[in-house]
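Count along the sequence shown from 1, add 2, and you get the number used in the working numbering.
Have a look at the structure below before the remarks.
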Amino acid sequence: MSFTYEAVGATREDLAACPPGFHPLHVRTRIGEGAEVFHRAAEAVLTWELHRALGVGIEASADRAAPGVDVTVTLAGLVKAPCRIVWTQEESRRAGWAYGTLAGHPECGEEAFLVTRTGDGTVWLTVAAFSKAAKWYARAGGPATRGLQHAYARRCGAVLRRLCAPYDDQG
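Rendered as structure tokens:
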């Protein structure tokens with residue numbers, strides 16, 4: 003299967019990337035403080051633990067995010083959203099990945115999950131995406147669909163913060 007959009011990998015260079023005709027999403031959540039929080043958050047994002055803790059179904063062709071890994075997210079037990087990892091990053095202060103939509107996904111576009119640790123030690127999760135409806139029911143949802151995407155991104159941050167709370171120097 004091939005990607006359903008042309009700007010594959012655009013979020014790697016610019017999390018705010020949004021090709022014409024797509025809707026942007028950018029949600030940044032403070033997760034905690036310190037190296038332990040960063041490492042815990044990075045592992046949770048890179049191994050699908052965050053997504054499983056969110057309560058979504060995850061089927062992946064590998065235990066860890068890597069370019070070319072196919073991932074199917076199942077929402078509410080009904081909606082299957084096939085994707086493929088387009089990039090990953092594992093550095094001392096940045097770790098994450100992005101996946102792009104494949105045929106059958108209700109949306110068309112790319113979504114990134116990136117954990118960063120700033121110079122003062124603060125750990126952040128950024129969920130960034132560009133998307134547009136691909137299925138009739140996503141189009142019918144209009145602005146409500148985008149609202150759900152923002153709520154999901156905020157929930158990612160809240161769940162990751164909870165997963166990392168025992169490791170937080172300031173918590």
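Idealized CB from N, CA, C, for every residue including glycine.
Nearest to residue i by alpha carbon, out of the options?
i	options	result
G11	I87, K82 and L77	I87
T74	V81, E61 and A68	E61
G23	P168, C158 and K134	K134
E45	Q91, H152, G102 and D122	Q91
T124	T147, A43 and G144	A43
R141	V29, S94 and P108	P108
G59	W50, T76 and L52	T76
L165	L27, H53, L150 and P21	H53
W89	A83, A97 and K82	A97
Using the Cα positions of residue i and residue j, report the straight-line distance between them to the nearest angstrom.
i	j	result
T118	M3	31 Å
E113	V39	23 Å
L104	C110	8 Å
A167	G159	12 Å
T156	I33	For the record, residue 156 in the displayed sequence is Arg; it is not Thr. Taking the straight line from one Cα to the other gives about 11 Å.
K57	G121	The sequence shown places Gly at residue 57, rather than the Lys named in the question. Cα to Cα, G57 sits roughly 32 Å from G121.
S94	R14	17 Å
P69	G149	29 Å
List the whole-angstrom C-beta distance separating residue i from residue j, where the pair is believed to meet the contact cut-off of C-beta under 8 Å.
i	j	result
A67	L48	5 Å
F132	H25	7 Å
A64	V71	5 Å
R30	W126	6 Å
T6	A136	6 Å
Within its chain, find whatever has a CB closer than 8 Å to the CB of residue i; leave out the 5 residues flanking it on each side and keep chain order.
i	result
E8	P21
Ignoring anything shorter than 4 residues, give me the alpha helix (DSSP H) runs that lie fully in the stretch 49-79, in order along the chain. For the stretch 49-79, whole alpha helix (DSSP H) runs of length 4 or above, ordered along the chain, are 51-56.
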